[in-house]
Structures are given as structure tokens and as C-alpha cells.
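Student: Pasting a structure below so you can have a look.
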Amino acid sequence: MRRPGSIRRPSTHREIPMRAVFKIGDRAMANAFSDSSLKDLEKTYRANQSIIVHGGGDTVTKIAEQLNIPQKFIVSPEGFKSRLTDEETIDVYTMVMGGKVNKKIVRELQRIGIPAVGLSGIDGGILQASRKTRIIAKEPDGRRRVIEGGYTGHITGVGEQLLETILSEKFMPVIAPIALGTEFEPLNVDGDRAAGQIAAALKADLLVMLTDVEKVLVDGKPVDHWTVEEARSSLPIIGPGMNTKVQAAIEAVTQGVGRAVIGSSAGESPYSKAISGEVGTMITL
Ligand SMILES: Nc1ncnc2c1ncn2[C@@H]1O[C@H](COP(=O)(O)OP(=O)(O)OP(=O)(O)O)[C@@H](O)[C@H]1O
Ligand SMILES: [Mg+2]
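One gets my numbering by counting positions in the sequence shown from 1 and adding 992 to each.
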């Protein structure tokens, strides 16, 4: 595995300012929006075009359970975890992701002087998806079960026009991972994959996925750098939660995003350090 220092960015990518998409997971949020991290984000926003895509799965689960709507999760045969999203759950998902979580982030950013605009993937057709009709779950005993897809979606397209307009006016988009289905229904889409597809559509230089671990681990050892090929061959041994990030990184980089970084929101200056390549696992072509 090569060290990050040996990586040369492709010359076709913008030098300054960079365009960066930051995915902030639920578990990364407390650190990502602490006072000191917010100062770092403000500095990053001044120097670069920045877009935030957020998660919020734990908050959705908490609120749903308070509403007596028990949440169920499945793991696919490939090892990807997903929420079983029936009609009641998609309503809670939309309210919590697009409302509570999204607006909290927008408020925090405005407090520090960042002109943030909260959106869901439904707005302006940012995230278009097709509904999964069937999903396959792998039971703990190894057996496979076919389940109705409910309101989960597979991202089929990104409408980047609204985002380009917002960025050109120096606002910062903050996007909740809710997509618009072909029947104009709301769909639950994975936040990491949404961030990866948005980064690709916006021809971003960088996709950063901040979470609660410092690097991807393989056999307990941290990975500094992977090529897309290395990432792809290790994917089957990466656990749920992290595997969607690695998959999103592969998708983004193969579609032209200069590099993807998976790292922690803890520690000093998580945004600038991810940009400078000092922290996290970096994935490049
Ligand atoms: N090989 C691995 N290396 C590192 N972390 C791993 C690995 N396999 C699984 N994980 C888990 O992946 C988790 C991160 O993904 P997770 O989906 O839980 O968080 P998130 O994406 O930041 O939040 P959210 O899903 O709410 O947006 C880590 O906490 C870790 O436990
Ligand atoms: Mg996750």
C-alpha cells in the first residue's frame, strides 16, 4: 500500500479553490460540529467550495421508537446493512432526516457565519432513485430471504443544477439523503452513496466521509491508502457501515472524483486535515 505522500493529483483537477463533498455520519456529528471543528469548517468553506451530505440513522431509529414504530435492519448477502423502510418509517425518515437533523446542522453552520442552505435530495431533483422492488437479506444462519423493498431506493441520477446555482452564490448546501422516486415518492437512500454520487455529478476534487473511526481497518490494521482496485478486492472483508463508505469511494473515484478520504471527525481540524491528506484512509485511481 502506498503512502499518501506518494500521490500526485491528476492535473485536470482544479487546484484552488477545491470542490469538496463532506459526508458527516450520525456518529461523527458531535465532533464534526463542535466549536473548534466548526471554526475549521468555516475556514474550509472560505477557501473551497464545500457541500455537506449528512447521515442521521441513529436519530431516525430513536425517534421512530419513541413513536412506537420499531425499526428493523437487514444485511444483504454482500454485507451491506439497510433499514427496512415501510410507509410509516419513510414518513419518520423524511421528517427526521429532512427536518430535525438537517435543520440542526444548518443552524449550527449559520451560528458560525456559514450561509448554509438545507435541502433534501427531493428538492430540485438533486437525488433521483428507483425503488428497490425486492431486497435480499442474509439471515444469521446464512439462509437468504427475499423481502419487499418498501421505500428504499437505488440512486439513478443526480440533478446538479440547483447545487451549482447555490454554490455560485457562495451558499453551502446541506443535503439529507432522501431521494425522489420515479412515482415521485420519497425514498430512503444511503448517505454515503448519495455523497459519492453528488461528488461525481459535481466533478468534485474530493469526497470526505467523516465517521467515528480514524481509518478503514483490515485485519485490525489501519489502511493509509488504497487504489480503487485494492479497495474493491478488500470490500468483501469490510464490515457493515464501513463497506458502504468504501463502495461510495470506489464509485466516486471511478467517475472522476480526484480522491476519497474516510476518516474521523474527532481531533483538531478534521476538515482541513482531510483535505491536506494528513488523516484517514485515502482512495484514488
Ligand atoms: N473494516 C472496518 N474498519 C473500520 N470500521 C469498520 C470496519 N467494518 C465495520 N466498521 C464500522 O463502521 C462504522 C462506521 O459506519 P456507520 O455506518 O456506523 O457510521 P456513519 O456512516 O458515520 O453514520 P450514519 O450511518 O449514521 O451516517 C464504524 O463505527 C465501525 O464500527
Ligand atoms: Mg453509515
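Think of the CB as a built atom: it goes at the ideal place given N, C-alpha and C, for glycine as much as any other residue. All values reported here derive from a predicted model rather than from experimental measurement.
1) Does the distance from the C-beta atom of Asn1235 to that of Ile1082 stay below 8 angstroms?
2) Using the three-state DSSP reduction, which class does Leu1172 fall into: helix, strand or coil?
3) Please report the distance separating the alpha-carbon of Leu1154 from that of Thr1125.
4) Using three-state DSSP, classify Pro1165 as helix, strand or coil.
5) With burial defined as no fewer than 16 other Cβ atoms inside 10 Å of the residue's Cβ, what is the status of Asn1040: buried or exposed?
6) Pairing CB atoms from the region 1190-1201 with CB atoms from the region 1242-1258, are three or more of them under 8 angstroms?
7) Going by DSSP, what residue range makes up the alpha helix (DSSP H) through Gln1063?
8) DSSP three-state label for Pro996, please.
9) Please look up how many angstroms separate the CB atoms of Pro1178 and Ile1139, rounded, as I've assumed it's under 8 angstroms.
10) Sorted by chain position, which residues of the same chain lie with C-beta nearer than 8 angstroms to Ile1061's C-beta, five sequence neighbours on each side aside?
11) Leaving aside the five residues before and after Ser998 along the sequence, list all residues of the same chain whose C-beta is less than 6 angstroms from its C-beta, in chain order.
12) Taking only three categories from DSSP, how would you classify Val1205?
13) According to the neighbour-count rule (16 or more other Cβ atoms, all chains shown, within 10 Å of its Cβ), is Ser1257 buried or exposed?
14) Helix, strand or coil: how does DSSP classify Gln1041 here?
15) Hey, out of Met1164, Val1093, Thr1148 and Ser1225, whose CA is closest to Ala1171's CA?
16) Enumerated in chain order, which unbroken segments of the beta strand (DSSP E) with a length of 3 residues or greater are wholly contained in the region 1189-1243?
17) Given a cut-off of 8 angstroms on the beta-carbon distance, is the pair Gln1238 and Ala1223 in contact?
18) What is the residue span of the alpha helix (DSSP H) that Met1087 lies within?
19) Could you check how far apart the C-beta atoms of Ala1121 and Gly1173 are, in whole angstroms? I think they sit under 8 angstroms.
20) What residues in its chain sit with their C-beta under 6 angstroms from that of Gly1047, if we drop five residues either side in the sequence?
21) Using the DSSP secondary-structure output, state which residues sit across from Leu1277 in a beta bridge.
Tutor: According to the data block:
1) Not in contact: Asn1235 and Ile1082 (Cβ atoms no closer than 8 angstroms).
2) Leu1172 falls in the strand class under three-state DSSP.
3) Each residue's alpha carbon lies about 29 angstroms from the other.
4) It is a strand residue.
5) Buried is the call here.
6) Yes, they touch.
7) In the DSSP annotation of this structure, Gln1063 is not part of any alpha helix (DSSP H), being labelled neither H nor E.
8) Any reading at Pro996 must be qualified, since the residue scores a pLDDT of 44, below 50, and its modelled position is unreliable; the value itself is stated next. Secondary structure of Pro996 (DSSP, three-state): helix.
9) So it is not a contact: roughly 19 angstroms between Cβ atoms.
10) Same-chain partners within the cutoff: Glu1080, Thr1081 and Val1084.
11) Any reading at Ser998 is ruled out, since the residue's pLDDT is 43, under 50, leaving its predicted position unreliable.
12) Of the three classes helix, strand and coil, the one that applies to Val1205 here is coil, per DSSP.
13) Label assigned to Ser1257: buried.
14) Gln1041 falls in the strand class under three-state DSSP.
15) If you compare the alpha carbons of Met1164, Val1093, Thr1148 and Ser1225 with that of Ala1171, the shortest gap goes to Thr1148.
16) Runs found: 1198-1203 and 1217-1219.
17) Before going further, note that residue 1238 is Val rather than Gln in the sequence given. Taking C-beta atoms as the reference points, Val1238 and Ala1223 count as a pair closer than 8 angstroms.
18) First-last of the alpha helix (DSSP H) with Met1087: Glu1079 to Met1087.
19) Right, their Cβ atoms sit about 6 angstroms apart.
20) Hits under 6 angstroms: Gly1017, Asp1018 and Gly1183.
21) Partner residues in a beta bridge of Leu1277, as assigned by DSSP, do not exist.
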